[in-house]
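59 is the number of the first residue of the sequence shown in the working numbering; add one for each residue after it.
Below is one structure, written out as structure tokens; the observations come after it.
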Amino acid sequence: MKPVPGRVTFGFKTSPQHVSFATLDETWAAAAELQVFVAAWMNDHLSDPAAEAGGPSFEALTVMAALAHRVPGTWLGHSVLANTFRHPALLAKAATTMDHVTRGRFIVGLGMGWHAWEHEAFGIPLPPPRERFERLVSTVRVLRALGSPEAATAPGITLDDPFVPLRGATNEPAPLTPGGPPVWLGGQGPRGLRLAAEQADGWFVPSMPLTSPEVFGERRGIILAAMEAAGRDPAGFQFVAQVGAGGAAATRPEARE
59 MKPVPGRVTF GFKTSPQHVS FATLDETWAA AAELQVFVAA WMNDHLSDPA AEAGGPSFEA
119 LTVMAALAHR VPGTWLGHSV LANTFRHPAL LAKAATTMDH VTRGRFIVGL GMGWHAWEHE
179 AFGIPLPPPR ERFERLVSTV RVLRALGSPE AATAPGITLD DPFVPLRGAT NEPAPLTPGG
239 PPVWLGGQGP RGLRLAAEQA DGWFVPSMPL TSPEVFGERR GIILAAMEAA GRDPAGFQFV
299 AQVGAGGAAA TRPEARE
């Protein structure tokens with residue numbers, strides 16, 4: 059997704075909770091007919107994130123792959139994938155597959171993971187925040203490594219990472235996108251904003267109005283300042299705000315405003 063200075067573009071987001079696949083399929087097909095959306099998004103949960111325990115939910119990567127044919131030419135991504143749910147190498151392979159499925163229009167949206175009940179119920183470790191952040195850094199490093207030209211052929215790539223060491227790893231077939239699909243991050247704290255500025259291709263802010271436009275602007279400024287300090291050109295970096303449209307037609311003008 060290439061940004062145009064001064065232009066706001068729009069995507070749509072569907073949650074895979076409390077919904078049938080047929081409804082998701084119909085919704086994505088209808089969205090494609092509007093010809094206004096440049097991207098389609100989905101969250102990533104094993105149960106209902108609004109509930110303390112349980113609730114129906116499809117697995118996000120699988121259901122997005124099944125829906126991709128409904129929106130040809132549209133960017134696809136998750137806001138955001140839980141880093142705790144998948145081994146980084148497996149995520150890199152899935153992202154490469156989605157890069158082929160979408161013909162180079164897949165975004166790896168990534169966050170640390172947070173919903174405690176999901177992790178406990180399904181036997182998935184939920185480390186303390188510091189370790190979760192370190193593991194997020196590790197995953198970004200692995201995604202970049204396995205998206206590199208060196209990983210496309212033998213002898214592969216070796217990476218001395220504290221969590222996911224790679225030893226002659228190859229990612230074949232290679233992604234269509236040079237360097238692998240773009241990586242967007244959802245961190246909101248100082249370290250998360252700095253990581254986005256230094257390593258990511260885009261950054262998400264949580265849903266408005268839970269996050270105000272003023273907070274969005276403040277955090278955007280922090281990222282831009284960190285990019286300048288790191289000597290990184292901000293051209294091409296994406297800033298994305300999620301806006302809840304509500305469940306009724308009467309709430310949509312407010313969301314649009």
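Beta carbons: idealized from backbone N, C-alpha and C, even for Gly.
Since the structure is predicted, the reported quantities are computational estimates derived from the model, not experimental observations.
Exposure of residue i, with buried meaning 16 or more beta-carbon neighbours within 10 Å
i, result
"Thr211", "exposed"
"Gly131", "exposed"
"Phe68", "exposed"
"His76", "exposed"
"Leu251", "buried"
"Asp291", "exposed"
"Ser265", "exposed"
"Phe79", "exposed"
"Pro311", "exposed"
"Glu176", "buried"
"Leu224", "buried"
"Leu92", "exposed"
"Ala306", "exposed"
"Ala150", "buried"
"Ala308", "exposed"
"Ala209", "buried"
One or two residues paired with residue i in a DSSP bridge
i, result
"Val241", "Val166"
"Gly135", "Trp99, Ile165"
"Gln75", "Ser115"
"Gln257", "The partner list for Gln257 (beta bridge, DSSP) is empty, contrary to what the question assumes."
"Leu224", "Leu217"
"Gly69", "Ala97"
"Met156", "Looking at the DSSP assignment, Met156 forms no beta bridge with any residue, so it has no partner."
"Ala140", "Gly169"
"Gln246", "According to DSSP, which records beta bridges pairwise, Gln246 is partnered with nothing at all."
"Phe295", "None; Phe295 has no bridge partner."
"Val263", "Ala299"
Contact check, residue i vs residue j, beta carbons under 7 Å
i, j, result
"Ser196", "Phe180", "no"
"Glu256", "Ala288", "yes"
"Ala203", "Val159", "no"
"Leu234", "Gly162", "yes"
"Phe164", "Leu134", "yes"
"Val241", "Leu194", "no"
"Asn229", "Thr154", "yes"
"Gly171", "Ala152", "no"
"Arg199", "Asp219", "yes"
"Gly238", "Gly205", "yes"
"Phe70", "Ala89", "yes"
"Phe262", "Ser73", "no"
"Val129", "Ala98", "yes"
Among the options, the one whose alpha carbon lies nearest that of residue i
i, options, result
"Arg277", "His127, Gly244, Ala288", "Gly244"
"Glu110", "His173, Leu139, Gly169", "His173"
"Pro187", "Val241, Glu208, Gly247, Trp242", "Gly247"
"Val66", "Gly113, Pro223, Gln300", "Gln300"
"Ile281", "Trp86, Glu312, Val298", "Val298"
"Ala87", "Met122, Pro114, Gly112", "Met122"
"Ala293", "Leu184, Asp83, Ala258", "Ala258"
"Gly304", "Arg249, Pro267, Leu82", "Pro267"
"Phe295", "Gly226, Gly260, Pro183, Thr309", "Gly260"
"Arg249", "Leu82, Gly169, Gly226, Ala150", "Gly169"
Margin query: Three or more C-beta pairs under 8 Å: does that hold for the segment 113-125 against the segment 94-105?
Written below: yes
Next item on the list: Pair every Cβ in the segment 265-277 with every Cβ in the segment 144-157, then say whether three or more of these pairs are closer than 8 Å.
Entry: no
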